[in-house]
Amino acid sequence: MILHRNILSFVSFFLLAFNLRPAITAIGPLVGNIQITTGLSSTAVGLLNSLPLLAFAAFASLADLGRRFGLERMLAFAMATLFVGILLRSAGPVWALFAGTLVLAAGIAIGNVLAPAIIKRDYSEHVGMLTTVYALVLALTASLGSGLAVPLERSLSGGWRASLAVWAIPAAAATLLWARSLLRAPHSASFPEIAPSASVWRSPLAWCVTAFMGFQSLGFYVVVAWLPSVIRDSGYDEATAGLLITGFQLVSLVAGLAFPRLLAFRPDQSALAIGSALVMTAGILGFLLYPAGTILWTVLTGVSAGLSFPLAIALISLRTADHHQATSLSLMSQSMGYLLAASGPLLFGMAHDLSGGWMLPLAGLAACSILQAVAGFFAGQSRVIATA
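Residue numbering for the sequence shown follows UniProt numbering, beginning at 1 and increasing consecutively.
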């Protein structure tokens, strides 16, 4: 067993995965009180929720730093950056809220990029199992961040700032473990040589994969950031809204467990890509047209998110000819995809400010999910990117 062979390495990896989502997902259920306390507009809160995605796009190519400095060193730095950013975000002033969010997101971005390298380097014989563990921990901790946000706010004397600061504790633990790993392996292995493959940037198929990645990420982060506010304005209290978002993420987790069987059902993935996107369309239109069905629409959006994310990751391998090309497509789809996704929370908030309601932003989100379906139709076809 991997755990028996190297318990320190496994726990370090587990804590890395544990820290990559809750510091971000904890914001959504607290948006209302953050606005009351700071006076931020919906547009400003949208920008706050977009900062992590902008950081993900900016740091997607950090594989080069992993090759130069080693994985342990970079991951210790990433967790320390996350720790500092979480504390800075809760320091008090509005500028610290934004600066801390950017700093913590930079740490998460490094972890996002390097976690698959740790799986490949240290668990090459158990890639499937460790990838499943990784995805499971991401989903569960994302749910934990949303579900605990309001209860922690109400039980801690510092309010929403203390609720957000709590996540510095696991970040500190991860920093210490990765620093210890560095002492045990000061000359840690680095990335294998990555062959350049500029052809993916000229491939329409690669842009379809990137668009699918971007639109599904946009939908997920808009839902996490803004759906609590939509639900609250439909007549639910803050705690219930937070629990429904937790339910959304738990449903996405359960749906994701069915993904391998659905992936093997057909030789191409167009139908799965279209179906997963249109389920999101149905859920968003449900919130818009029949708010009384909030629980059902939350389930539908969760099913869509649970299928769309692993499909976006799988398409990177399925549409490429070799691992060098897959690396290039991964960097392209993450950098450009997260850049597209970053516009979502910001534009959603702006649309709410301009219209004074949720009709315009929800209609725009539904339109984006339809574009995701179109991109998925082409990205899901059984072919690979040309190597020339």
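Ideal placement from N, C-alpha and C gives every residue a C-beta, glycine not left out.
Small disclaimer: the values here were computed from a predicted structure and weren't measured.
Taking every protein chain shown into account, the CB of R21 has 16 or more other CB atoms within 10 angstroms, so this residue is buried. Of the residues assessed, P52 falls on the buried side of the cut-off, its CB having 16 or more other CB atoms within 10 angstroms.
Around the CB of S369, 16 or more other CB atoms lie within 10 Å, so the residue is classed as buried. Taking G364 as the centre and dropping the five residues before and after it, the same chain places the C-beta of L347, F348 and A351 closer than 8 Å to its C-beta, in chain order. Counting only residues of its own chain and dropping the five nearest sequence neighbours on each side, T141 has a CB closer than 7 Å to the CB of F18, R21 and P22.
Take the alpha-carbon of L75 and the one of Y134: they are about 16 Å apart. In this structure, I86 keeps its C-beta atom at 7 Å or more from the C-beta atom of A174. Counting along the chain, I385 sits inside no alpha helix (DSSP H), nor does DSSP assign it H or E at all.
S229 and W160 have their alpha carbons spaced roughly 16 Å apart.
Around the CB of M336, 16 or more other CB atoms lie within 10 Å, so the residue is classed as buried.
Taking a cut-off of 8 Å on C-beta distances, the region 296-308 touches the region 272-286, as three or more cross pairs fall below it. At a Cβ-Cβ threshold of 7 Å, T246 and S143 count as neighbours. Taking the Cα positions, G380 is about 18 Å away from W201.
A314 and L307 have their C-alpha atoms some 11 Å from each other. When rounded, the separation of the alpha-carbon atoms in Y123 and A165 is 33 Å. The three-state secondary structure of Y338, taken from DSSP, is helix. T37 is not a Cβ neighbour of G145, given a cutoff of 7 Å.
Proximity to I7 across W178, I274 and S50 peaks at W178, based on C-alpha coordinates.
For R180, the closest alpha carbon among the candidates G275, A115 and A80 is that of A80.
P267 sits in coil when the DSSP states are folded into three classes, being neither helix nor strand. Residues F348, A351 and H352 of the same chain have their beta carbon placed closer than 7 Å to that of P361, with the five preceding and five following residues left out of the count. By the Cβ rule, the region 338-346 counts as touching the region 209-221, because three or more pairs are nearer than 8 Å. For T320, no alpha helix (DSSP H) encloses it, and the DSSP letter there is neither H nor E.
Between L71 and I118 the beta-carbon gap is near 6 Å, inside 8 Å, which marks them as a contact. Within the same chain, I34, L48 and V94 come within 8 Å of L40 by CB-CB distance, once the 5 residues on both sides are set aside.
Ranking Y290, A105 and L152 by CA distance to the CA of A171 puts A105 first. In the structure shown, L156 adopts coil according to DSSP, grouped into three states.
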